[in-house]
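I have placed the structure first, in the form of structure tokens, so that the comments after it can refer back to it.
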Amino acid sequence: MVTAAPRDCGAMGSRLRLLQAVDTEYTADSVEWCPLDGCRHLLACGTYQLQKPEDKSGLDMDEPQVRLGRLYLYSFSEDSSACPLVEIQRRDTSAILDMKWCHIPVAGHALLGAADAGGSIELLRLVGSEWNAPTLLLSSCCVLEEHCLALSLDWSTGGTSRDSDQSLKIVSSDSKGQLHLLQVEDAGLRAAATWQAHRFEAWVAAFNYWQTEIVYSDTPWACAASGTAPTRRASWPRAATTSTFSCGTLGTWSSRSQTCPRRAGCGGSGGTPASSTCSWRPACTAASRSSTARKQ
1 MVTAAPRDCG
11 AMGSRLRLLQ
21 AVDTEYTADS
31 VEWCPLDGCR
41 HLLACGTYQL
51 QKPEDKSGLD
61 MDEPQVRLGR
71 LYLYSFSEDS
81 SACPLVEIQR
91 RDTSAILDMK
101 WCHIPVAGHA
111 LLGAADAGGS
121 IELLRLVGSE
131 WNAPTLLLSS
141 CCVLEEHCLA
151 LSLDWSTGGT
161 SRDSDQSLKI
171 VSSDSKGQLH
181 LLQVEDAGLR
191 AAATWQAHRF
201 EAWVAAFNYW
211 QTEIVYSDTP
221 WACAASGTAP
231 TRRASWPRAA
241 TTSTFSCGTL
251 GTWSSRSQTC
261 PRRAGCGGSG
271 GTPASSTCSW
281 RPACTAASRS
291 STARKQ
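Here it is in structure tokens:
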């Protein structure tokens with residue numbers, strides 16, 4: 001399920017009003033507004049669903065379950081009050097666990113990165129225009145590791161400024177607790193480095209946008225990996241950091257003091273995630289809703 005609501009940039013106590021709810025059939029895992037000028041009306045949604053076995057009696061417990069996914073591209077029109085969110089593309093894929101738009105155009109195009117259950121990072125290039133049916137086309141794919149899930153990704157381009165000669169990178173995490181650094185080149189994605197960061201699933205990885213040689217990662221299980229030592233380790237016993245909020249608390253951290261969050265706000269309630277991810281643009285907010293607290 002995807003919901004769209006107007007966003008008031010004023011006081012924190014502002015209320016959200018539901019504009020539209022869209023049934024995505026599979027669990028909506030990730031929603032992302034395109035941040036680029038001329039494309040901010042475009043919303044990408046990634047979904048996740050375990051395939052139900054046709055014959056439960058003959059189910060091989062050692063056989064990995066099939067994870068289905070679908071990528072949707074929507075266009076938002078403020079002029080349409082009834083149904084402002086219109087589907088313009090759908091693409092069947094492996095289950096999608098995270099998506100991020102690159103914050104800058106690459107070779108004149110918007111790029112969307114997707115982390116999927118096949119252990120791959122895919123890059124999709126946006127072609128077309130507002131007047132000529134925008135479409136996402138597969139541009140490049142990099143398999144991180146066999147028999148694992150790619151859980152998250154982030155671009156190194158989120159800072160307020162970026163040198164023209166600065167390389168474009170992606171950091172990704174997987175279900176084996178590994179982090180992967182990928183280089184985005186003209187020929188496609190290239191694996192630059194891989195290291196074991198956690199003993200269990202590494203649910204989230206992100207760049208420090210102002211110092212892109214620094215990356216952050218976390219796991220819902222409060223146990224770091226042995227081996228390559230992190231520069232700094234911080235834990236907060238009240239909640240685990242995951243792509244899905246597992247409790248009703250959202251922490252804001254400072255990179256200068258990572259022992260505890262600077263402030264905490266209300267997220268979901270009752271230990272059930274209110275959303276898998278959310279994304280906003282000046283006109284409205286979009287959120288994906290899931291009924292499961294953790295991927296299977």
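Here full-length UniProt numbering is used: the first residue of the sequence shown is 1, the next is one more, and so on.
Glycine is no exception: its CB is placed at the ideal position from the N, C-alpha and C atoms.
(message) Just to confirm before moving on: does the CB-CB distance between V2 and A44 stay below 8 Å?
(response) no
(request) Ignoring anything shorter than 4 residues or poking outside the segment 95-138, list the alpha helix (DSSP H) runs there in chain order. (result) none
(request) With DSSP collapsed to three states, give me the class of I214. (result) coil
(request) Just tell me which of I88, L97, E54, D23 has its CA closest to the CA of H41. (result) I88
(message) Classify H198: buried if its beta carbon has 16 or more other beta carbons within 10 angstroms, exposed otherwise.
(response) buried
(request) Sort out for me which residues DSSP pairs T194 with in a bridge. (result) H180
(request) Sort P53, L179, L144, L18 by Cα distance to I121 and report the nearest one. (result) L144
(message) Spatial neighbours of T93 within its chain, please: C-beta separation below 7 Å, excluding the five flanking residues on both sides.
(response) G69, R70, L71, D116
(message) Please report the distance separating the alpha-carbon of A107 from that of P53.
(response) 43 Å
(message) To the nearest angstrom, how far is the alpha carbon of R17 from that of A95?
(response) 30 Å
(message) With three or more C-beta pairs closer than 8 Å as the rule, is the segment 73-90 touching the segment 164-179?
(response) no
(message) Would Y216 and A202 be called neighbours here (beta carbons separated by less than 8 Å)?
(response) no
(message) I'd like the list of long-range same chain contacts for L182, defined as Cβ closer than 7 Å, with 5 residues on each side in sequence excluded.
(response) I121, C142, K169, I170, S172, L189, R190, A191, A192
(request) Taking the CB atoms as reference points, tell me whether L136 and L153 lie closer together than 8 Å. (result) no
(request) Look at S139 and L124 and say whether their C-beta atoms are less than 8 Å apart. (result) yes
(message) For S156 and R15, I'd like the C-alpha separation in whole angstroms.
(response) 33 Å
(message) Which residue marks the beginning of the beta strand (DSSP E) containing D23, and which one marks its end?
(response) Element bounds for D23: n/a, residue is neither H nor E.
(request) Tell me where the beta strand (DSSP E) around Q49 begins and ends. (result) 42-50
(message) Taking the alpha-carbon of Y48 as reference, which of V31, G177, Q20, P35 has the nearest alpha-carbon?
(response) V31
(request) Output yes if chain D places a C-beta closer than 8 Å to the C-beta of L42; else output no. (result) As a matter of chain content, chain D is missing from the structure shown, which is built from one protein chain.
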